[in-house]
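Asker: Questions regarding the structure given below will be posed in turn.
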């Protein structure tokens with residue numbers, strides 16, 4: 002596979018944590034793709050920035066975010082949670098977006114891109130189902146055919162979202178190979194794209210894949226931190242918090258939450274990943290600890306692999322975090338120590354989910370619960386302002402939560 006992002010190179014920027022002109026974040030990124038996908042990716046790479054800057058595109062995108070998605074989402078001061086942890090904790094309420102998670106910010110943007118590229122068919126991958134639902138939603142909105150790939154294991158544990166996708170008119174195709182989770186759904190989506198390159202746009206749900214996807218998705222999700230700046234100014238008379246936290250699988254909610262703070266070193270960035278049954282248990286998705294440099298799904302990043310380059314199957318109780326790699330932006334942030342990675346077990350995530358539900362009346366998605374669980378492992382001051390991206394609501398995880406009610410709902 003050729004790395005097309007290294008061709009026709011302009012200048013390599015090193016002044017910030019944004020992607021450079023070659024599609025790299027430091028040593029991570031690029032576009033390692035089959036030749037069949039070269040025209041699609043090149044077309045996107047050559048047009049996405051200009052397209053996103055068009056006044057009509059901005060007008061339509063912003064109008065849909067406001068009137069359809071329900072933005073801006075609140076920045077909520079969690080009083081009881083703050084008292085418990087002895088800090089000022091604010092929650093960015095992405096769980097209140099239409100469809101119940103941050104994913105809709107990106108799918109709204111990408112469906113507008115697909116329309117301008119003349120694509121008649123949309124494919125997507127999904128793990129927790131939130132991206133699948135968000136993709137099916139915008140396809141229904143625009144009247145475009147939608148096929149969503151989802152691992153068999155995830156189909157079983159995220160049944161409500163599967164039903165929502167079907168109700169919205171999407172075809173849900175199971176991935177039956179490998180671990181039958183997010184990685185395998187992505188593999189199947191890429192195979193579909195290779196077989197249908199002319200009429201199909203692949204709406205990737207996270208900051209993964211070949212350039213320009215990681216940057217494009219991050220830009221669409223950057224509305225999260227953009228709102229946080231003025232919302233925090235109104236609440237605390239300051240634009241920048243001390244700490245920003247988000248869970249990281251591929252990392253789209255984290256990328257959006259970090260985006261406007263990347264070049265402000267006074268703001269600590271905390272990336273919370275899934276340790277599963279424990280980092281050293283063999284049943285984990287703690288890529289920052291277990292990962293090494295390699296190529297997965299079109300980009301060079303950190304991923305869990307054997308010494309001979311075979312992918313190690315990830316595990317997490319959370320369907321959205323059991324991915325064997327992380328987006329190249331996050332690999333760069335962690336490797337340069339701009340972001341701090343914390344690995345959280347299933348048990349800690351469940352404990353945090355039930356605790357947040359009782360103390361604030363908010364049931365979080367299992368993915369998001371990992372971010373809250375990290376609070377007890379962090380050092381901070383009582384005066385610190387902490388922002389946590391509450392990236393999704395827990396409705397989709399109720400079947401899992403019900404299994405643990407007797408153990409955790411005390």
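Numbering (the numbering used here), first residue to last: 2 to 411. Every residue gets a Cβ at the ideal spot worked out from N, C-alpha and C, and that includes glycine. Bear in mind that the values here come from a model prediction, so they are computed numbers and not experimental data.
Looking at residue 105 and residue 135, is the spacing between their C-beta atoms short of 9 angstroms?
Answerer: Closer than 9 angstroms, so yes.
Asker: Quick check on DSSP: helix, strand or coil for residue 98?
Answerer: Three-state DSSP puts residue 98 in coil, outside helix and strand.
Asker: Got a sec? Which residues, its chain only, sit under 7 angstroms from residue 405 by beta carbon, not counting five neighbours each side?
Answerer: Contacts found: 351.
Asker: Give every residue of the same chain whose Cβ lies closer than 7 angstroms to the Cβ of residue 332, excluding the five residues on either side of it in the sequence, and list them in chain order.
Answerer: The answer, listed in chain order, is 29, 302, 303.
Asker: Buried or exposed, going by whether 16 or more other CB atoms sit within 10 Å of the CB of residue 365?
Answerer: Buried: at least 16 other Cβ atoms inside 10 Å.
Asker: Where does residue 43 fall in DSSP's three states?
Answerer: Three-state result, residue 43: helix.
Asker: Work out the CA separation of residue 123 and residue 53 for me, nearest whole Å.
Answerer: Using only the alpha carbons, I get a separation of about 19 angstroms.
Asker: Since residue 245 is in the beta strand (DSSP E), which residue starts that stretch and which ends it?
Answerer: Its beta strand (DSSP E) spans residues 244-248.
Asker: If we ignore side chains and look at the alpha-carbon of each, how far apart do residue 436 and residue 283 end up?
Answerer: Within the shown structure, residues of the chain are numbered from 2 to 411, placing residue 436 beyond reach of any answer.
Asker: Any idea what DSSP makes of residue 256, helix, strand or coil?
Answerer: Residue 256: helix per DSSP, three-state reduction.
Asker: Taking residue 340 as the reference, give the member of 394, 249, 323 with the closest Cα.
Answerer: The shortest Cα separation from residue 340 among 394, 249, 323 belongs to 249.
Asker: Just the Cα atoms here: how many angstroms apart are residue 1 and residue 324?
Answerer: The structure shown has nothing for residue 1, since the chain only spans 2 to 411.
Asker: To which residues does DSSP link residue 78 through a beta bridge?
Answerer: 91, per the DSSP bridge assignment.
Asker: Let me confirm a value: residue 187 is counted as buried when at least 16 other C-beta atoms fall within 10 Å, else exposed. Which label applies?
Answerer: Flag for residue 187 reads buried.
Asker: Just to check my reading of the structure: residue 393 and residue 96 have Cβ atoms closer than 8 angstroms, yes? What is that Cβ distance to the nearest angstrom?
Answerer: Yes, they are in contact, since the Cβ atoms of residue 393 and residue 96 sit about 5 angstroms apart, within 8 angstroms.
Asker: Which residues in the same chain as residue 140 place their Cβ atom closer than 6 angstroms to its Cβ, once the five residues preceding and following it in sequence are excluded?
Answerer: Excluding residues within five positions, the ones whose Cβ falls inside 6 angstroms are 123, 147.
Asker: Please classify residue 184 as buried or exposed, where buried requires at least 16 neighbouring CB atoms within 10 angstroms.
Answerer: Buried, since its Cβ has 16 or more Cβ neighbours within 10 Å.
Asker: Determine, for residue 400, whether the minimum Cβ-Cβ distance to residues of chain B falls below 9 angstroms.
Answerer: Annotation note: the requested chain B is absent from the structure, which comprises a single protein chain.
Asker: Just the C-alpha distance for residue 150 and residue 238, rounded to the nearest angstrom, thanks.
Answerer: Whole-angstrom Cα-Cα distance: 45 angstroms.
Asker: Based on the DSSP output, what are the partners of residue 365 in its beta bridges?
Answerer: In DSSP, residue 365 forms a bridge with 394.
Asker: If I follow the unbroken alpha helix (DSSP H) through residue 104, where does it start and stop?
Answerer: Where residue 104 is concerned, the enclosing alpha helix (DSSP H) stretches over 104-117.
Asker: What do you get for residue 77, buried or exposed, if any count of 16 or more other CB atoms within 10 angstroms of its CB means buried?
Answerer: Buried is the call here.
Asker: I need the straight-line Cα distance from residue 242 to residue 103, nearest angstrom please.
Answerer: C-alpha separation (whole angstroms): 21 angstroms.
Asker: Can you give me the start and stop residues for the alpha helix (DSSP H) that residue 165 sits inside?
Answerer: Per DSSP, residue 165 belongs to the alpha helix (DSSP H) from 160-168.
Asker: Could you check the C-alpha separation between residue 224 and residue 257 for me, to the nearest Å?
Answerer: Roughly 7 angstroms between the two C-alpha positions.
Asker: Would residue 266 be called buried (16 or more neighbouring beta carbons within 10 Å of its own) or exposed?
Answerer: Classification of residue 266: exposed, given that the 10 Å Cβ count is below 16.
Asker: Pull up the DSSP beta-bridge partners for residue 203, would you.
Answerer: DSSP, once it has assigned bridges, lists 124 as partnering residue 203.
Asker: When the Cα atoms are used, what is the spatial distance from residue 143 to residue 408?
Answerer: Rounded to the nearest angstrom, the two C-alpha atoms are 44 angstroms apart.
Asker: Taking just the CA atoms, how far does residue 212 sit from residue 120?
Answerer: Whole-angstrom Cα-Cα distance: 19 angstroms.
Asker: Buried or exposed: residue 216, going by 16 or more other Cβ atoms within 10 Å of its Cβ?
Answerer: With 16 or more Cβ atoms within 10 Å of its Cβ, residue 216 is classed as buried.
Asker: DSSP puts residue 271 in a beta bridge; with which residues?
Answerer: Residue 271 pairs with 246, 341.
Asker: Can you find the residues in the same chain that come closer than 7 angstroms, C-beta to C-beta, to residue 190, ignoring five residues on each side of it along the sequence?
Answerer: Contacts found: 124, 125, 126, 150, 203.
Asker: Give me the Cα-Cα distance between residue 399 and residue 40, rounded to the nearest whole angstrom.
Answerer: About 42 angstroms.
Asker: Give a yes or no on whether the C-beta atoms belonging to residue 182 and residue 130 are separated by under 9 angstroms.
Answerer: Cβ atoms of residue 182 and residue 130: not closer than 9 angstroms.
Asker: How many Å lie between residue 415 and residue 50 at the Cα?
Answerer: The shown model of the chain, from 2 to 411, leaves out residue 415, and the question about it has no answer.
Asker: What are the partner residues of residue 386, as DSSP defines its beta bridges?
Answerer: Its beta-bridge partners are 89.
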